[in-house]
Amino acid sequence: MVKQGLRERGKARRSEAVIRAAFELFAEQGYDATTVAEIAERAEVSPRTVAMYFRSKQDIAMSKFSEGADRLTEAMRERSPDERAVDVLGRWLLAEHESGDDEMVELERRMFVANPELAALRTARMDDAIRESTRVVAEDLGVAPDSVGPRMVAVAATAIIIELFTGTQESDLERAAVVALHLIEAAIESLSRDAG
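What follows is the structure, encoded as structure tokens:
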């Protein structure tokens, strides 16, 4: 049992080293210019080890963002009946902020700023969260899930989340999150008045 725990911790450390090395290199020299061999060398692992953890450079670049998007999707799916979409989003934002590694968050931010071509991948990766958020907002409003308003709110919330985590300095993140939640809540209230 102890061996399994050690093995899992070792795998997690190697995976984190690969991600950190990739984020650094993508920020320094660009995503396209960086090779898997360079990532492996910086992470002090073999290229084969990188391939065992990640199928592609794209998977490495999107790893942290994808994990966060998955957690948001899950939070929306598992919300309690008395919890509004904006409450779930606020809880998720707080949890992401509190559990984040500040250095890794900054590296990821720098990587995205240096590589605008990754932006489309980032947005596409939010598709499940958008779909689930649309469903939850529609439920909150008592409208059909295919109504245009809930999807617009979900897409706008996605853009706000991306800006929060990749365009906002760490020192401004808490204040920016409060502003973001107010904007999203105002959009939902506006839809509620239109629906009512």
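Here the sequence shown is numbered in the numbering used here, starting from 408 and rising by one per residue. Quick reminder that beta carbons are idealized off the backbone N, C-alpha and C, glycines included.
*Buried or exposed: which applies to D350, given that a residue is buried once 16 or more other Cβ atoms fall within 10 Å of its Cβ?*
Any answer about residue 350 is impossible in this case: the structure gives the chain only from 408 up to 603.
_Inter-residue spacing [alpha-carbon to alpha-carbon] between D489 and R600_ = On the sequence shown, position 82 is the one that residue 489 refers to. On the sequence shown, position 193 is the one that residue 600 refers to. For D489 and R600, the distance between alpha carbons rounds to 20 Å.
_C-alpha distance - A584 paired with A492, whole-angstrom precision_ = Mapped onto the sequence shown, residue 584 falls at position 177. Mapped onto the sequence shown, residue 492 falls at position 85. Looking at the two C-alpha atoms, the distance is approximately 15 Å.
*Taking L588 and L496 to be in contact with their CB atoms under 8 Å, please state how far apart those CB atoms are, rounded to whole angstroms.*
Here residue 588 refers to the residue found at position 181 when the sequence shown is read from its first residue. Here residue 496 refers to the residue found at position 89 when the sequence shown is read from its first residue. Contact holds; Cβ gap of about 7 Å.
*When you compare only the Cα positions, how much space is there between E435 and S473?*
Residue mapping note: residue 435 aligns to position 28 of the sequence shown, counting from 1. Residue mapping note: residue 473 aligns to position 66 of the sequence shown, counting from 1. One C-alpha to the other measures close to 22 Å.
*Taking Cβ to Cβ, would you say L525 is nearer than 8 Å to Y460?*
As a position in the sequence shown, residue 525 is number 118, starting the count at 1. As a position in the sequence shown, residue 460 is number 53, starting the count at 1. For L525 and Y460, no; Cβs fall outside 8 Å.
_Helix, strand or coil for D508? Go by DSSP, reduced to three states._
Counted from its first residue, the sequence shown places residue 508 at position 101. Looking at D508 - three-state DSSP - the assignment turns out to be coil, as it is neither helix nor strand.
*At a cut of 8 Å, does the stretch 447-465 reach the stretch 512-521 through at least three beta carbon pairs?*
no
*How many angstroms separate the CA atom of D553 from the CA atom of E546?*
Here residue 553 refers to the residue found at position 146 of the sequence shown. Here residue 546 refers to the residue found at position 139 of the sequence shown. The alpha-carbon atoms of D553 and E546 are separated by roughly 11 Å.
*asked:* Going by DSSP in three states, D553 sits in which element: helix, strand or coil?
replied: Translated into the one-based positions of the sequence shown, residue 553 becomes position 146. In this structure, D553 counts as coil in the three-state DSSP scheme.
*Measure from the alpha carbon of V544 to the alpha carbon of each residue in E596, E423, E570, K418, then state which is nearest.*
Here residue 544 corresponds to residue number 137 of the sequence shown, with the count starting at 1. Closest by alpha carbon: E596.
_Whole angstroms are fine: how far does the CA of T530 sit from the CA of S540?_
For this step, residue 540 is matched to residue 133 along the sequence shown. For this step, residue 530 is matched to residue 123 along the sequence shown. Straight-line Cα distance between these residues: approximately 14 Å.
*May I ask which residues mark the beginning and end of the alpha helix (DSSP H) holding A444?*
Residue mapping note: residue 444 aligns to position 37 of the sequence shown, counting from 1. First-last of the alpha helix (DSSP H) with A444: 443-450.
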